[in-house]
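Protein chains in written order, with our numbering: chain A, 1370 to 1640; chain B, 960 to 1384.
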């Protein structure tokens, strides 16, 4: 464990997602610790639990000197945070900290898909998000994994050999599930790897549409829990025609950005 | 299908709503005189429509941008179909009824909602049966198509005014010919003769109004901006319903004076102006109250709307009244979006961005409007070259089931945060 000055104010960023809540602790602009927990029903409870977990990893107490910035769903209702920031602003700060060359980040969360553009100073310049349907989100992938009766990791591996890719044309999560079920039950059934590869391709088409709407710009990073799915990222790279940067902990990027904003707030004297 | 029950129409309720708004505007701690006049005018408009039958007046329902000056000159009572159906939806909260009636006519939810709602409003008798239906291809092809359906629903005779896209002398002459045909049609249908002297007076009044609108627009360049955040909608309605009417001139003169005084006093429309915005196309009408509140909350003011407030150059000549009516149609700010998009529209956006010193632009991408949504990239690109961010808000101008207030709030807050962040550099 790193030796930490307990009395010094620490920057804490918390991203309250619909599925998981993430917390990142910064000291002097360096990441001390991070944590990911399953979200509870109450945003405040999720935020507190994630914060305590991250702080304890850093050898700190929740009651210590903290400057807290929250983001994500329900972030506004956390009474112990000094500021609430939009997820888009936090993603921009977080990904720029990790990869200063990134100009576009694709964030695929449990129930959201957001694409942001970042300028050369690491500031958000534009964004687009898919807010009408769950197709293309983590929850959708989980649902497909249930139908395919295999864990997400296995799906990712299988997808790499899936050729040709099954045609999954529907733009609605529920109808896409019906298509998958049709593929499974047709005679002969479509091979599972082709179905999974088809699902990934349909998700990537949605991502690409969002990217194109705001203008594709290199370098591109993938963030959010879905970015852990190597099969999906592989299809994304294929469609883009170049490599996509994926952080070690892609799901904590927004929390990291929130922590950076907390640090900026401390520096500016925000109370 | 015809309207069977005239008692079903909502004009009476709409009039009561206008009077209520009038009372509310008078009861404000510091009433804005022009706002009081505005609601007074609206109440007058619907009173005339409500009493038209009893008074034996001829009623013409007409679509948006149709030259109502002609109707006023012929002493025909106009009924602006889009505005009246929007107001029915807005003031009386009857979106669902109108849109569901539109669906019963076979219109899918992807079709432009004002036209769905308009057809629905006639179908259920929310709008009274007029004597004639007048429509044109201004400002989109949906409008061109909707007139025939309205004729079928109402069982009324109708006239389609063919408006050429381009502004050339040949096309002005063609449009004058169209207007002459329309006057003949109206004379035959109503039995009333065109009063050319009255039309000349209306044209002179309209010329004055356009000049006032230009002056008002210029005053809005001031920092802080003196006009309330969604004020341009008031200006639109005034031109839609009261073109060339003396009360509209009086309203515009009052408003100009109020704005000039505010500019002199350095008084802005919001307590602390933080973001000066350009509005591209129409915001959701059902969220106007919310947009006004969030504008106040964040100090965000729509200071320019190139396609609603930037009038084209030129004067109207009362000695050539029909030609002036034709020319006015080409001076309308909305004309820049009419037909093929040319460089004028893009350069107007660039000019407005600079003159009004905007921080960002909001593009209200009405999902049912192919006409406007096709241009998103073009406008984002020209503004991007000026380093001005554009928020594209997918929404619907009338149908509240497309986007919720919460979704719009979330996106606006993100956008304001982006603008704030840029100011910190």
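Glycine included, every Cβ here is placed at the ideal spot set by N, Cα and C. Quantities reported herein were computed from a predicted structural model and do not represent experimental measurements.
For the alpha helix (DSSP H) holding residue 1439 of chain A, just list the boundary residues, first then last. If you number the first chain from 1, residue 1439 of chain A lands on position 70. Not the alpha helix (DSSP H): residue 1439 of chain A falls in the beta strand (DSSP E), residues 1435-1441.
Which whole-angstrom value is the C-beta distance of residue 1183 of chain B and residue 1232 of chain B, which I expect to be below 8 Å? For the purposes of this step, residue 1183 of chain B is identified with residue 224 of the second chain, where counting begins at 1. For the purposes of this step, residue 1232 of chain B is identified with residue 273 of the second chain, where counting begins at 1. Confirmed, Cβ separation roughly 4 Å.
Report buried or exposed for residue 1216 of chain B, applying the criterion of at least 16 other Cβ atoms within 10 angstroms of its Cβ. The residue given as residue 1216 of chain B occupies position 257 in the second chain. Result: exposed.
Output needed for residue 963 of chain B: all residues of its chain with C-beta closer than 6 Å, excluding positions within five of it in sequence on either side, in chain order. Reading the second chain from its first residue, position 4 is the one you call residue 963 of chain B. Only weak support exists for where residue 963 of chain B lies, its pLDDT of 40 falling under 50; the value from the coordinates is given anyway. So the list is empty, once near-sequence residues are dropped.
When you check each C-beta in the segment 1548-1574 of chain A against every C-beta of chain B, which residues fall closer than 9 Å? none
Contact set between residue 1500 of chain A and chain B, taken where Cβ atoms lie within less than 7 Å: For the purposes of this step, residue 1500 of chain A is taken as residue 131 along the first chain, with counting starting at 1. Within chain B, the residues near residue 1500 of chain A are 1366.
Could you tell me whether any Cβ in chain B is nearer than 8 Å to the Cβ of residue 1494 of chain A? For the purposes of this step, residue 1494 of chain A is taken as residue 125 along the first chain, with counting starting at 1. Chain B, which has a Cβ nearer than 8 Å to the Cβ of residue 1494 of chain A, makes this yes.
Chain-ordered neighbours of residue 1348 of chain B on chain A, where CB pairs are closer than 8 Å: In the second chain, the residue the question calls residue 1348 of chain B occupies position 389. The contacting residues are 1494 and 1495.
Terminal residues of the continuous beta strand (DSSP E) containing residue 1399 of chain A? Within the first chain, the letter at position 30 stands for residue 1399 of chain A. Its beta strand (DSSP E) spans residues 1399-1407.
Contacts around residue 1396 of chain A, its chain only, beta-carbon distance under 6 Å, and the 5 residues preceding and following it disregarded: Taking the first residue of the first chain as 1, we reach residue 1396 of chain A at position 27. Contacts found: 1379.
Identity of the residues DSSP links to residue 1119 of chain B by a beta bridge: The residue given as residue 1119 of chain B occupies position 160 in the second chain. DSSP, once it has assigned bridges, lists B/1094 as partnering residue 1119 of chain B.
Using 8 Å as the threshold, is the segment 1092-1106 of chain B in touch with the segment 1285-1300 of chain B, meaning 3 or more CB pairs across them? yes
Can you tell me whether residue 1370 of chain A is helix, strand or coil according to DSSP? Locating residue 1370 of chain A in the first chain gives position 1, where the first residue counts as 1. Note on residue 1370 of chain A: pLDDT 49, under 50, position unreliable in the model; no value is reported.
Starting from residue 1496 of chain A, trace the beta strand (DSSP E) in both directions and tell me its first and last residue. What you label residue 1496 of chain A is simply residue 127 of the first chain in a count that begins at 1. Residues 1493-1499.
Go ahead and pull the three-state DSSP assignment for residue 1181 of chain B. Taking the second chain and counting its residues from 1, one reaches residue 1181 of chain B at position 222. Note: residue 1181 of chain B maps to coil in three-state DSSP.
Indicate the three-state DSSP secondary structure (helix, strand or coil) for residue 1346 of chain B in the structure shown. Taking the first residue of the second chain as position 1, residue 1346 of chain B is located at position 387. Coil.
Between the segment 1449-1467 of chain A and chain B, which residues of the former have CB atoms less than 7 Å from a CB of the latter, in chain order? 1454, 1455, 1457 and 1458
If distances are taken between C-alpha atoms only, which option among B/1048, B/1179 and B/1174 comes closest to residue 1312 of chain B? The count along the second chain starts at 1 and reaches residue 1312 of chain B at position 353. Taking only the C-alpha atoms, the option nearest residue 1312 of chain B is B/1179.
I'd like the ranges of any alpha helix (DSSP H) spanning at least 4 consecutive residues and lying wholly in the segment 982-1032 of chain B. 992-1010 and 1027-1032
Please state whether the Cβ-Cβ distance between residue 1590 of chain A and residue 1613 of chain A is less than 8 Å. Taking the first chain and counting its residues from 1, the one referred to as residue 1590 of chain A is at position 221. Taking the first chain and counting its residues from 1, the one referred to as residue 1613 of chain A is at position 244. It is a contact, given that the beta carbons lie within the stated cut-off.
Can you find a C-beta in chain A that's less than 8 Å from the C-beta of residue 1380 of chain B? The count along the second chain starts at 1 and reaches residue 1380 of chain B at position 421. Yes, contact with chain A.
Excluding the 5 residues flanking residue 1301 of chain B on each side, which residues of the same chain have their C-beta closer than 6 Å to its C-beta? The residue labelled residue 1301 of chain B in the question sits at position 342 within the second chain. Same-chain partners within the cutoff: there are none.
Here's a check: name, in chain order, each residue in its chain whose Cβ is nearer than 8 Å to the Cβ of residue 1639 of chain A, leaving out the five neighbours to either side. Taking the first residue of the first chain as position 1, residue 1639 of chain A is located at position 270. Around residue 1639 of chain A: 1436, 1451 and 1452.
Measuring only the C-alpha atoms, how far is residue 1224 of chain B from residue 1315 of chain B? Here the question's residue 1224 of chain B lines up with position 265 in the second chain. Here the question's residue 1315 of chain B lines up with position 356 in the second chain. Roughly 19 Å between the two C-alpha positions.
Are the Cβ atoms of residue 1473 of chain A and residue 1456 of chain A separated by less than 8 Å? One-based indexing of the first chain puts residue 1473 of chain A at position 104. One-based indexing of the first chain puts residue 1456 of chain A at position 87. Not closer than 8 Å, so no.
For residue 1150 of chain B, which option in B/1084, B/1377, B/1035 and B/1008 has the closest C-alpha, if you only look at C-alpha atoms? On the second chain, position 191 is the one that residue 1150 of chain B refers to. Checking every option, the nearest Cα to that of residue 1150 of chain B belongs to B/1035.
8 Å Cβ cutoff met for residue 1407 of chain A and residue 1389 of chain A: In the first chain, the residue the question calls residue 1407 of chain A occupies position 38. In the first chain, the residue the question calls residue 1389 of chain A occupies position 20. For residue 1407 of chain A and residue 1389 of chain A, yes; Cβs fall inside 8 Å.
Does the beta-carbon of residue 976 of chain B have 16 or more other beta-carbons within 10 angstroms, so that it is buried, or is it exposed? In the second chain, the residue the question calls residue 976 of chain B occupies position 17. Buried is the call here.
Own chain residues within Cβ distance below 8 Å of residue 1141 of chain B, not counting five before or after: Position 182 of the second chain, counted from the first residue, corresponds to residue 1141 of chain B. For residue 1141 of chain B, where only same-chain residues beyond five positions count, the Cβ hits under 8 Å are 1029, 1093, 1118 and 1120.
What's the call for residue 1554 of chain A, buried or exposed, on a 16-neighbour Cβ count within 10 Å? The residue given as residue 1554 of chain A occupies position 185 in the first chain. With fewer than 16 other Cβ atoms within 10 Å, it is exposed.
Which residue wins for smallest C-alpha separation from residue 1483 of chain A, given the options A/1491, A/1556 and A/1507? Walking along the first chain from the start, residue 1483 of chain A turns up at place 114. Considering only alpha carbons, the answer is A/1507.
Is the Cβ-Cβ distance between residue 1038 of chain B and residue 1019 of chain B less than 8 Å? Taking the second chain and counting its residues from 1, the one referred to as residue 1038 of chain B is at position 79. Taking the second chain and counting its residues from 1, the one referred to as residue 1019 of chain B is at position 60. Closer than 8 Å, so yes.
Alpha carbon to alpha carbon, how far is residue 1212 of chain B from residue 993 of chain B? Give it in angstroms, no decimals. Residue mapping note: residue 993 of chain B aligns to position 34 of the second chain, counting from 1. Residue mapping note: residue 1212 of chain B aligns to position 253 of the second chain, counting from 1. Going by the C-alpha atoms only, they are around 9 Å apart.
Would you check if there are 3 or more beta carbon pairs closer than 8 Å linking the segment 1242-1256 of chain B to the segment 1047-1054 of chain B? yes
Cβ pair residue 1001 of chain B, residue 1043 of chain B closer than 8 Å: The sequence position of residue 1001 of chain B within the second chain is 42, counting from 1. The sequence position of residue 1043 of chain B within the second chain is 84, counting from 1. No. Outside cutoff.
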